[in-house]
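Residue numbers (the numbering used here): 201 to 545. What follows is a set of notes on a single structure, which appears directly below.
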Ligand SMILES: [Ca+2]
Ligand SMILES: [Ca+2]
């Protein structure tokens, strides 16, 4: 059962099928009840409660903070507790490997007979030191969270850490780890280089959603819709110093969902097609529905002219293809129906 994969580090984790917690309630510590008693339909299940109430994680800047009670985290904790298979395609910011570590910690401490399994492409990503492991490994993350639990919780189910094995005698439970083939969890050899942060605003107003790569007079550039399902079309052309300055060419697009590049006139410079949907109109998500066409208005592609391709479509997605076979690329966009736009030049 695949629990999570982390394409940037190759970390993967497996969890066994588990049912409701069956541990006896420790009468001396009433709040343990929160983490052991199964409450179907409750807003926070024992696992989610444990995660967001007790578990501290470490971010990339070295700051320690509790796991936030975000909806996907509560849902994943519920699914973990219910033994539901999950496959998570994720970004680093989603903290999935920390979440996985915390869920396995809950399992090994609160489920009698729990058996967990963690695997990754490299052994040191699973466990980099047993009782001296660090948060660079999955088992080290479990140890980091465990070390910061309140004493009464640790006393309830003390853990022992050894290389690739975490054992809980009080619950007859364990987690084992394994480093397997070089390609596990990885799609070949890739190197990550940050080109741009997208919209620099704080989450959820930051970042980008769609991205496409084109050419301007033989030089590559890329264009994005920002932030996620946002209001901007942004062009990045490389400066002489190698950086990619951010150039917002439109900030009115409504709930941007589609982005495609097309060279309508065959001059080697891409034109941009982008559009949004009708939903959630407003300043934060833009105001202009429809699908638009942008053409570079200067040789350096710093200024772009906007034209309306179709104001009457919620363009969830657009692609470029020669629909009618006349060797001129056309555009097709999908709403609740599929429309195509002929390139008549
Ligand atoms: Ca062109
Ligand atoms: Ca055509």
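Glycine included, each C-beta is placed from N, C-alpha and C at the ideal position.
Unbroken beta strand (DSSP E) run spanning residue 449, endpoints: 446-450
Heavy atom of ligand 1 within 7 Å of residue 259 beta-carbon: no
Near ligand 2: residue 523 beta-carbon under 7 Å from a heavy atom: yes
Check: residue 423 C-beta below 7 Å from any heavy atom of ligand 1: no
Status (buried if at least 16 other CB within 10 Å, exposed otherwise) for residue 272: exposed
Residue 340 - DSSP class collapsed to helix/strand/coil: helix
Closest Cα partner of residue 309 within the set 333, 281, 537 and 267: 281
CB of residue 409 within 8 Å of CB of residue 428, strictly: yes
Residue 253, enclosing alpha helix (DSSP H) - first and last residue: 246-254
The alpha helix (DSSP H) enclosing residue 300, as first and last residue numbers: 296-310
beta-carbon residue 437 near ligand 1 non-hydrogen atom, thresh 7 Å: no
The region 369-379 contacting the region 419-428, beta-carbon criterion three pairs below 8 Å: no
For residue 404, the nearest candidate out of 312, 471, 302 and 293 (CA to CA): 293
Residue 439 burial status per 10 Å Cβ neighbour count (16 or more: buried): exposed
Any alpha helix (DSSP H) of 4 or more consecutive residues that is wholly inside the region 324-376: 338-347 and 351-356
Residues near ligand 1, criterion Cβ-heavy atom distance below 5 Å: 463, 465, 467 and 469
contact_flag[the region 526-543, the region 504-516] where n(CB pairs < 8 Å) is 3 or more: yes
Where residue 292 sits in the DSSP three-state scheme: helix
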